Amino acid sequence: MIPRHLVISAAVMFAVALGMSFYVWHMRSRAKETQPAAAADGRPVAAPVSGPTEQVTLYVANDQTGELRARSARIPLPAGRQAHAEELLRALFSLYLEKNSPHPLGPGSEVRNIYLVDPGLAVIDLNQAFADGHRSGILVEELTVASLAETLSANLPGITRVKFLVEGKERDTLAGHADLSEFYDVSAVNQMVAQLQIGQ
Amino acid sequence: MRWINSIWISSKTSSQRARAAGLPILILMLMFLASALLLSGAPDEKRISIYSTVANYSLQVLERDGNDYVGLLEILEPLGQVSARTEGQHWKLRYNDVDAEFTNEKKRARLHREDFDLPAGFRLENSRGLVPLSSLSTLLPRILGGPVSYHDLSRRLFIGSVAVHFTAQVIKANPPKLVMNFSAPVNPMIATEAGRLRMVFTREPVLPPSSLNLTFDSKTILSANYGEINGAAEIAVNSTVPLLASFSNNGRTITLEPVGIPATQPQAAQVPSGPPPSIPASVALPNPAVPAPRRYFAVVDAAHGGEDRGAALSDQLAEKDVTLTFARHLRQELEAHGLTTLLLRDSDTTLSLDQRASTTNSVHPAIYICIHATSEGNSLRLYTSLLPPDSENRRLFLDWDSAQAASRTLSQTAQTNLSAELQHAQFAIHAYIAPLRPLNNITTAAVAVELTPPENGVAQLNSSSYQQAVSSALASGIASLRTQLEAAP
Chain A
7 MIPRHLVISA
17 AVMFAVALGM
27 SFYVWHMRSR
37 AKETQPAAAA
47 DGRPVAAPVS
57 GPTEQVTLYV
67 ANDQTGELRA
77 RSARIPLPAG
87 RQAHAEELLR
97 ALFSLYLEKN
107 SPHPLGPGSE
117 VRNIYLVDPG
127 LAVIDLNQAF
137 ADGHRSGILV
147 EELTVASLAE
157 TLSANLPGIT
167 RVKFLVEGKE
177 RDTLAGHADL
187 SEFYDVSAVN
197 QMVAQLQIGQ
Chain B
1264 MRWINSIWIS
1274 SKTSSQRARA
1284 AGLPILILML
1294 MFLASALLLS
1304 GAPDEKRISI
1314 YSTVANYSLQ
1324 VLERDGNDYV
1334 GLLEILEPLG
1344 QVSARTEGQH
1354 WKLRYNDVDA
1364 EFTNEKKRAR
1374 LHREDFDLPA
1384 GFRLENSRGL
1394 VPLSSLSTLL
1404 PRILGGPVSY
1414 HDLSRRLFIG
1424 SVAVHFTAQV
1434 IKANPPKLVM
1444 NFSAPVNPMI
1454 ATEAGRLRMV
1464 FTREPVLPPS
1474 SLNLTFDSKT
1484 ILSANYGEIN
1494 GAAEIAVNST
1504 VPLLASFSNN
1514 GRTITLEPVG
1524 IPATQPQAAQ
1534 VPSGPPPSIP
1544 ASVALPNPAV
1554 PAPRRYFAVV
1564 DAAHGGEDRG
1574 AALSDQLAEK
1584 DVTLTFARHL
1594 RQELEAHGLT
1604 TLLLRDSDTT
1614 LSLDQRASTT
1624 NSVHPAIYIC
1634 IHATSEGNSL
1644 RLYTSLLPPD
1654 SENRRLFLDW
1664 DSAQAASRTL
1674 SQTAQTNLSA
1684 ELQHAQFAIH
1694 AYIAPLRPLN
1704 NITTAAVAVE
1714 LTPPENGVAQ
1724 LNSSSYQQAV
1734 SSALASGIAS
1744 LRTQLEAAP
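One line per chain: the protein sequences are A and B, in this order.
The opening residue of the first sequence carries number 7 in my numbering; numbering runs sequentially from there.
The opening residue of the second sequence carries number 1264 in my numbering; numbering runs sequentially from there.
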């Protein structure tokens, strides 16, 4: 005959195991429900804004007016030129990825890296989501290129040329129109920006 | 530089000055001559092309004692698991589960524990095993365990069933077209010379049809010859007129058609005052058999096409279709003004940007107009090229990326004039400069037009009435610039 206290212990342990299984199943279902919402938010994680900040000028594209407008913004005070460049474009991208963006970019668009190469060359490496999600058209692509190149060159003295890469590789065009195969001369970009500031 | 300057400074007499002035030219000529001699003396590097189901690749061929050799390990590496080690004068190879042993400067080798004789001695150089090319057709089937075909004269090695076959047929349309269908996508290098277009296939295992020489029943496209040389296959098409190649069907079809001959006779009849269309002037394609060339006044380029759909303007409307229908309207309007016009693509074909630019430049038109369309915005847009401010070409050859530099002012004049004409026709218009190829590669006045949806929606972008109105205004603007454009060099 099995002692009574052993039967009671086994029954309690069985009940605990059943309860734990139900709890794990419940938690898994909840995780599944919350996951898609997190994935849909393609915005890059904003940099922490604690500590000192610096005022910079962002060149923000507006599709409605076909304009590129200078706008002041505050970004975290950077530790060096490269970090400064990354903060600048991060601030610009977070504007473009907002819900009511004046120049929407595809979800998940990000700057992978910026390389500052002497003398005066800035290489902007963008991710695949940026290129794949970009709208196709001469003006809309030109606005993006001009916005990125001008924001960098206006805030980082000494940049004379800008080159765009996608996932570390050269690409012929951004989305079928704006040429990405060549280096952008900043003086030529300035001409382009001057026209885009007149708007439509 | 300092030495040249000192000559200039110390020179006093006119004869000395003349001699000094000639010195830099003499140095340049000597350098040019030396380069030419060096280049002409350098033989083409011998290569073997290898085609397999895994990869297509090319290796350098080395000449030793009058025989051609190639590295055996390099051939096998892309095909499977291979390793090799050197033990004194012996070189041991293992490919998948096949063992082989070769001995330096010996013809006899061991394969699968059996003797195998090479036609010439094996070479062991810096732990690298070299086998004679002539041994490949017998050696490789034993190692790979499958069929291998080796074209000795052209050094092309086919491993397994990888061949790409093709058919060629002339379509007797007006103008006639040569349509070549390949059994797999191809991407040959295309070169043109007098009366001949050559396609060189270096990466594709293209094999000849039943006959190496194909003759066509056409007065324009006469024949095609197949040949193989230095690891490549070549198809040369002989014609009496310059030909333009376009790709379609995912690279499986190449269509060759005469450059710039209007598609149908009735369209040619629409030209009221101009002489009948004939062969375009072409620096790249001189052909003494062709009647005296004349230049087209305008080249109209319907952007995108074929595999490149351009922007998706709506669920049903692709940019490539809108640009093509508009380009046809514009050609009709220009020809109604007596301006001979070449449409770069008159069907849904793929043309690269370089092809568009080189064809345009070879025709020497007075103006190049590139057509784009977008679903965003409400005013038409005119673009000229974005060039660095100091991109003037002062050298003997034009820089491809800034070939437009000399014509920039003329392009801007055309842009201003066309803007005014479109505004006069009640269209809202904006003018920009844009980083848009091939505008910067064009050696004549070049503008791009971006059509935007009219007030009643994107679907109307392709409507005949809208396109007619815009093309009519553009053609009037271009016609009003005729004298200015024709005066340009």
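No residue lacks a Cβ here, since even glycine has one placed at the ideal position from N, Cα and C.
Predicted, not measured: the structure shown is a model, and the values here were computed from it.
Inset, instruction - Give the DSSP bridge partners of Leu127 (chain A), in chain order. - result: Residue numbering aside, residue 127 (chain A) sits at position 121 when the first sequence is read from its first letter. Paired residue(s): A:Val123 and A:Arg167.
Inset, instruction - Run down chain A in chain order and give the residues with a C-beta less than 8 angstroms from the C-beta of Pro1651 (chain B). - result: Here residue 1651 (chain B) refers to the residue found at position 388 of the second sequence. Ordered by position in chain A, the residues that pass the 8 angstroms Cβ test against Pro1651 (chain B) are Asp191, Ser193 and Ala194.
Inset, instruction - Mark Val1411 (chain B) as exposed unless 16 or more other C-beta atoms lie within 10 angstroms of its C-beta, in which case mark it buried. - result: Here residue 1411 (chain B) refers to the residue found at position 148 when the second sequence is read from its first residue. Looking at its Cβ environment, which holds 16 or more other Cβ atoms inside 10 Å, Val1411 (chain B) is buried.
Legend entry - Below-8 angstroms beta-carbon distance, Asp185 (chain A) vs any chain B residue: Locating residue 185 (chain A) in the first sequence gives position 179, counting from the first residue. For Asp185 (chain A), the answer is yes, since a Cβ of chain B falls inside 8 angstroms of its Cβ.
Inset, instruction - Look at the alpha carbon of Tyr121 (chain A) and the alpha carbon of Ile130 (chain A), and state the distance between them as a whole number of angstroms. - result: By 1-based counting over the first sequence, the position of residue 121 (chain A) is 115. By 1-based counting over the first sequence, the position of residue 130 (chain A) is 124. Rounded to the nearest angstrom, the two C-alpha atoms are 7 angstroms apart.
Legend entry - Distance, Pro1701 (chain B) Cα to Glu1713 (chain B) Cα: Locating residue 1713 (chain B) in the second sequence gives position 450, counting from the first residue. Locating residue 1701 (chain B) in the second sequence gives position 438, counting from the first residue. Distance between the alpha carbons of Glu1713 (chain B) and Pro1701 (chain B): 14 angstroms.
Inset, instruction - Give a single yes or no on whether Val1563 (chain B) has its beta carbon closer than 7 angstroms to a heavy atom of the ligand GDP. - result: This structure lacks the ligand GDP, and indeed carries no ligand of any kind.
Legend entry - In DSSP terms, what Gly1490 (chain B) is bridged to: In the second sequence, counting from the first residue as 1, residue 1490 (chain B) sits at position 227. Paired residues: B:Glu1497.
Inset, instruction - Go ahead and label Tyr29 (chain A) buried or exposed: buried means 16 or more other beta carbons lie within 10 angstroms of its beta carbon, across all protein chains shown. - result: Here the question's residue 29 (chain A) lines up with position 23 in the first sequence. Exposed: under 16 other Cβ atoms inside 10 Å.
Legend entry - Any C-beta of chain B under 8 angstroms from that of Ile144 (chain A): Within the first sequence, numbered from 1, the residue matching residue 144 (chain A) stands at position 138. Answer yes: the Cβ-Cβ gap between Ile144 (chain A) and chain B drops below 8 angstroms somewhere.
Inset, instruction - Output the distance between the C-alpha atoms of Val195 (chain A) and Ala152 (chain A), rounded to the nearest integer angstrom. - result: To locate residue 195 (chain A), count along the first sequence from 1; it is residue 189. To locate residue 152 (chain A), count along the first sequence from 1; it is residue 146. So the two alpha carbons sit approximately 6 angstroms from each other.
Legend entry - Cβ-based neighbour list, Thr1612 (chain B), same chain, cut-off 8 angstroms, excluding 5 preceding and 5 following: Taking the first residue of the second sequence as position 1, residue 1612 (chain B) is located at position 349. Closer than 8 angstroms at Cβ, skipping near neighbours: Ser1509, Phe1510, Ser1511, Thr1518, Gly1568 and Gly1569.
Inset, instruction - State the DSSP-derived secondary structure class of Ala43 (chain A), mapped to helix, strand or coil. - result: By 1-based counting over the first sequence, the position of residue 43 (chain A) is 37. Annotation note: pLDDT 46 at Ala43 (chain A) (below 50); position unreliable, coordinate value reported separately. Helix.
Inset, instruction - Taking all protein chains shown into account, decide if Arg1617 (chain B) is buried (16 or more other Cβ within 10 angstroms of its Cβ) or exposed. - result: For the purposes of this step, residue 1617 (chain B) is taken as residue 354 along the second sequence, with counting starting at 1. Rather than Arg, the amino acid found at residue 1617 (chain B) in this sequence is Asp. Exposed is the call here.
Legend entry - Cβ distance (whole Å) where Ala1566 (chain B) is taken to contact Ile1634 (chain B) below 8 angstroms: Looking up residue 1566 (chain B) in the second sequence gives position 303. Looking up residue 1634 (chain B) in the second sequence gives position 371. At roughly 6 angstroms, the Cβ-Cβ gap stays under 8 angstroms, so Ala1566 (chain B) and Ile1634 (chain B) are in contact.
Legend entry - Positions along the region 1556 to 1576 of chain B whose CB lies within less than 8 angstroms of some CB in chain A: His1567, Asp1571, Gly1573, Ala1574 and Ala1575
Inset, instruction - Find the nearest neighbour of Ser1755 (chain B) within the set B:Ser1621, B:Pro1341 and B:Ser1638, judged by alpha-carbon distance. - result: The question about residue 1755 (chain B) has no answer here: the residues shown for chain B are numbered 1264 through 1752.
Inset, instruction - Check whether the Cβ of Gly182 (chain A) lies closer than 8 angstroms to any Cβ atom in chain B. - result: For this step, residue 182 (chain A) is matched to residue 176 along the first sequence. It does: the Cβ of Gly182 (chain A) has a partner Cβ on chain B nearer than 8 angstroms.
Legend entry - Closest residue to Leu1381 (chain B) among B:Thr1401, B:Leu1387, B:Leu1420 and B:Gln1686 (Cα-Cα distance): Translated into positions along the second sequence, residue 1381 (chain B) becomes position 118. Comparing Cα positions, the closest option is B:Thr1401.
Legend entry - Leu162 (chain A) vs Ala91 (chain A) beta-carbon contact at 8 angstroms: Locating residue 162 (chain A) in the first sequence gives position 156, counting from the first residue. Locating residue 91 (chain A) in the first sequence gives position 85, counting from the first residue. In contact: Leu162 (chain A) and Ala91 (chain A) (Cβ atoms closer than 8 angstroms).
Legend entry - Between the CA atoms of Asn1450 (chain B) and Glu1434 (chain B) - distance to the nearest angstrom: Indexing the second sequence from 1 puts residue 1434 (chain B) at position 171. Indexing the second sequence from 1 puts residue 1450 (chain B) at position 187. As written in the sequence, residue 1434 (chain B) is Ile, which differs from the Glu given in the question. Answer to the nearest angstrom: the Cα atoms are 22 angstroms apart.
Inset, instruction - Could you run through the region 1610 to 1638 of chain B and flag, in chain order, every residue whose CB is less than 7 angstroms away from some CB of chain A? - result: His1635 and Thr1637
Inset, instruction - Would you check if the distance between the CB atom of Val1710 (chain B) and the CB atom of Leu1645 (chain B) is smaller than 8 angstroms? - result: As a working mapping, residue 1710 (chain B) is identified with position 447 in the second sequence. As a working mapping, residue 1645 (chain B) is identified with position 382 in the second sequence. Going by C-beta atoms, Val1710 (chain B) is nearer than 8 angstroms to Leu1645 (chain B).
Legend entry - Rounded separation between Val62 (chain A) and Ser78 (chain A) - CA only: Here the question's residue 62 (chain A) lines up with position 56 in the first sequence. Here the question's residue 78 (chain A) lines up with position 72 in the first sequence. Going from the Cα of Val62 (chain A) to the Cα of Ser78 (chain A) covers about 6 angstroms.
Inset, instruction - To the nearest angstrom, report how far apart Glu1596 (chain B) and Gly1514 (chain B) are at their CA atoms. - result: Taking the first residue of the second sequence as position 1, residue 1596 (chain B) is located at position 333. Taking the first residue of the second sequence as position 1, residue 1514 (chain B) is located at position 251. Those two C-alpha atoms are separated by around 33 angstroms.
Inset, instruction - Spatial neighbours of Val1760 (chain B) within its chain, please: CB distance less than 6 angstroms, with the 5 preceding and 5 following residues excluded, ordered by chain position. - result: There is simply no residue 1760 (chain B) to check, as chain B begins at 1264 and stops at 1752 in what is shown.
Inset, instruction - May I ask which residues mark the beginning and end of the beta strand (DSSP E) holding Lys1355 (chain B)? - result: Counting from one through the second sequence, the residue named residue 1355 (chain B) turns up at place 92. Note, Lys1355 (chain B): beta strand (DSSP E), His1353 to Tyr1358.
Inset, instruction - Answer yes or no: does any C-beta atom of chain B fall closer than 8 angstroms to that of Glu148 (chain A)? - result: The count along the first sequence starts at 1 and reaches residue 148 (chain A) at position 142. Output row for Glu148 (chain A): interface = yes.
Legend entry - Residue nearest to Asp191 (chain A) in terms of C-alpha spacing, selected from A:Thr166, A:Gln201 and A:Leu64: As a working mapping, residue 191 (chain A) is identified with position 185 in the first sequence. Taking only the C-alpha atoms, the option nearest Asp191 (chain A) is A:Thr166.
Legend entry - Opening and closing residue of the beta strand (DSSP E) in which Ile1705 (chain B) lies: Taking the first residue of the second sequence as position 1, residue 1705 (chain B) is located at position 442. Unbroken run through Ile1705 (chain B): none, as it is neither H nor E.
Inset, instruction - Please list the partners that Arg1700 (chain B) has in chain A, where partner means a Cβ-to-Cβ separation under 7 angstroms. - result: Stepping through the second sequence from its first residue, residue 1700 (chain B) is reached at position 437. Within chain A, the residues near Arg1700 (chain B) are Asp185.
Inset, instruction - Pull up the CB-CB distance for Ala1318 (chain B) and Leu1336 (chain B), whole angstroms please, since I reckon it's below 8 angstroms. - result: Your numbering for residue 1318 (chain B) matches position 55 in the second sequence. Your numbering for residue 1336 (chain B) matches position 73 in the second sequence. Not a contact, Cβ separation roughly 15 angstroms.
Inset, instruction - Could you tell me which residues DSSP pairs with Lys1440 (chain B) in its beta bridges? - result: Taking the first residue of the second sequence as position 1, residue 1440 (chain B) is located at position 177. DSSP lists B:Ile1434 as partners of Lys1440 (chain B).
Inset, instruction - Note down, in chain order, each residue of its chain lying with its Cβ closer than 6 angstroms to the Cβ of Asn1624 (chain B), except the 5 sequence neighbours on either side. - result: On the second sequence, residue 1624 (chain B) is found 361 positions in, with the first residue counted as 1. The residues are Thr1706.
Inset, instruction - Following the continuous alpha helix (DSSP H) through Leu1403 (chain B), name the residue where it begins and the one where it ends. - result: Stepping through the second sequence from its first residue, residue 1403 (chain B) is reached at position 140. Residues Leu1399 to Leu1407.
Inset, instruction - Identify whether Phe99 (chain A) lies in helix, strand or coil by the three-state DSSP scheme. - result: Translated into positions along the first sequence, residue 99 (chain A) becomes position 93. Three-state result, Phe99 (chain A): helix.
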